[in-house]
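Asks: When we follow this note's numbering, the leftmost residue of the sequence shown carries the number 33, and every step to the right adds one.
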Amino acid sequence: MSDPRITSSIFTRGAVDLSALRPSTPSPAARPAAPTQAGPPAAMPGAATPGAGVVVDVTEATFQTEVLERSLTTPVVIDFWADWCEPCKQLSPLLEMLAAEGGGAWVLAKVDVEANPRLAQMFQIQSIPMVYAVVGGRPVDAFAGVVPEANLRQWVQAVLKAGGVTVETPGDPRLDEADDALMGGDLDAAEAAYRKILAETPADAAAEAGLAQVGLARRVGGADPAAALAAAAATPDDVAAQLLAADIEVLSGQAEAAYARLVAVVRRTAGDEREQARQHLVSLFTIAGPDDPAVGKARRALASALF
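Encoded structure:
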């Protein structure tokens, strides 16, 4: 599971020891019932107002039942916070919102470090906010500080996957807006929307692909596909003609042909023209995404052409 902010492996080093709070076998009376198809679990005593039933205030006295034993059937995310912590006031509402959206797929356990210093000590909390995920009675991942909503959603999805929970990944309304603008032909609005997403969530693959599609749409605007392909065939040394032909091929579903065309241009050119062809090819890779087998094959061919 990837962490949105840190790459620490504290769990594999055994840094968090919960043995003092977890008996070897949970008592039958305290063991939480398995979830049913009737809907999310009912509200529990101590639940916070937002997302009642899925957001729970936890103390040392209730940690065993509300976190460790509950995590045997439902992933639990622990939010370590305090009243004086300003960053906590940014992160906690996001966690509560996502827990409510989850409808019982996971539970948010809120721990006030001031009121529960022993829990903070056992989890080696050095700064807050600090968030842990507990699955099957064991911590599985954590991160410190405030993270953007998009990254937080990805992290929660990873926690659910670790807990064997299958949930539908919610769409990103920001991407929906950008995609709608692109499909509607409003390229300026689409570009602005994709750039805004990338400013908020750097390296967002979907936004990068969308921005590359905007560039592609602008390049082929007003071009005659048949004429462009004919011109490229007639003038193989005309780099601009080859780039346009590759764009036309991508739009017509012939991405592999487009990649091969541009790899060939890289092979027979040098200097600025070669770099122009390389960058153009990389932009087309971005549209398809790194997992596309054709992209992997073309990347290898490009590397061979370059070196």
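Ideal Cβ positions, reconstructed from N, Cα and C, are used throughout, including at glycine.
On the criterion of 16 or more Cβ atoms from any shown chain inside 10 Å, does Leu130 qualify as buried, or is it exposed?
Replies: Start at 1 with the first residue of the sequence shown, and residue 130 comes out as number 98. Flag for Leu130 reads buried.
Asks: Hey, out of Ala249, Gly247, Ala277, Pro268, whose CA is closest to Ala260's CA?
Replies: Position 228 of the sequence shown, counted from the start, is the residue given in the question as residue 260. Considering only alpha carbons, the answer is Ala277.
Asks: Measuring CA to CA, which of Leu126, Glu146, Thr105 is closest to Asp115?
Replies: Counting from 1 along the sequence shown, the entry for residue 115 is found at position 83. The residue with the shortest Cα to Cα distance from Asp115 is Glu146.
Asks: When you compare the stretch 176-183 with the stretch 154-165, are there three or more beta-carbon pairs, one atom per stretch, that lie closer than 8 Å?
Replies: Touching, per the Cβ criterion.
Asks: What span of residues does the beta strand (DSSP E) with Asp111 cover, start to end?
Replies: Stepping through the sequence shown from its first residue, residue 111 is reached at position 79. That run of the beta strand (DSSP E) goes 108-113.
Asks: Is the Cβ-Cβ distance between Ala141 and Val108 less than 8 Å?
Replies: Here residue 141 refers to the residue found at position 109 when the sequence shown is read from its first residue. Here residue 108 refers to the residue found at position 76 when the sequence shown is read from its first residue. Going by C-beta atoms, Ala141 is nearer than 8 Å to Val108.
Asks: My assumption, with CB atoms under 8 Å, is that Arg331 sits in contact with Phe317. Please give the rounded CB distance.
Replies: The residue given as residue 331 occupies position 299 in the sequence shown. The residue given as residue 317 occupies position 285 in the sequence shown. Their Cβ separation, rounded to whole angstroms, is 7 Å, which keeps Arg331 and Phe317 in contact under 8 Å.
Asks: Give me, in chain order, the residues of the same chain whose beta-carbon lies closer than 6 Å to that of Arg306; leave out the 5 immediate sequence neighbours on both sides.
Replies: As a first step, residue 306 must be located in the sequence shown, where it is residue number 274. Cβ within range, chain order: Val298.
Asks: Report yes if the C-beta of Val197 is less than 7 Å from at least one heavy atom of the ligand MG; otherwise report no.
Replies: What this structure holds is no ligand at all, so the ligand MG is not there to describe.
Asks: Out of Asp236, Gln308, Pro325, Ala93, which has the shortest C-alpha to C-alpha gap to Val271?
Replies: Locating residue 271 in the sequence shown gives position 239, counting from the first residue. Among Asp236, Gln308, Pro325, Ala93, the Cα nearest to that of Val271 is on Gln308.
Asks: What distance in whole Å lies between the Cβ atoms of Ile229 and Val282, which are believed to be in contact at a cut-off of 8 Å?
Replies: Residue numbering aside, residue 282 sits at position 250 when the sequence shown is read from its first letter. Residue numbering aside, residue 229 sits at position 197 when the sequence shown is read from its first letter. About 22 Å separates the two Cβ atoms, so there is no contact after all.
Asks: First and last residue of the alpha helix (DSSP H) that includes Leu140?
Replies: The residue labelled residue 140 in the question sits at position 108 within the sequence shown. That residue, Leu140, is in no alpha helix (DSSP H); its beta strand (DSSP E) goes 139-144.
Asks: Please look up how many angstroms separate the CB atoms of Asp144 and Trp113, rounded, as I've assumed it's under 8 Å.
Replies: For the purposes of this step, residue 144 is identified with residue 112 of the sequence shown, where counting begins at 1. For the purposes of this step, residue 113 is identified with residue 81 of the sequence shown, where counting begins at 1. 6 Å between Cβ atoms; contact.
Asks: Helix, strand or coil for Asp204, going by three-state DSSP, please let me know.
Replies: Mapped onto the sequence shown, residue 204 falls at position 172. In this structure, Asp204 counts as coil in the three-state DSSP scheme.
Asks: Express the C-alpha separation of Ala273 and Ala263 in angstroms, rounding to a whole number.
Replies: Stepping through the sequence shown from its first residue, residue 263 is reached at position 231. Stepping through the sequence shown from its first residue, residue 273 is reached at position 241. Taking the straight line joining both Cα atoms gives about 7 Å.
Asks: Can you tell me whether Ala335 is buried or exposed, with buried defined as 16 or more other CB within 10 angstroms of its CB?
Replies: The residue labelled residue 335 in the question sits at position 303 within the sequence shown. Classification of Ala335: exposed, given that the 10 Å Cβ count is below 16.
Asks: Shortest alpha-carbon distance to Thr267 belongs to which of Arg251, Leu248, Arg293?
Replies: As a working note, residue 267 is residue 235 in the sequence shown. Closest option to Thr267, Cα to Cα, is Arg293.
Asks: When the Cα atoms are used, what is the spatial distance from Ala265 to Leu275?
Replies: Residue mapping note: residue 265 aligns to position 233 of the sequence shown, counting from 1. Residue mapping note: residue 275 aligns to position 243 of the sequence shown, counting from 1. If you take the alpha carbons of Ala265 and Leu275, they lie about 12 Å apart.
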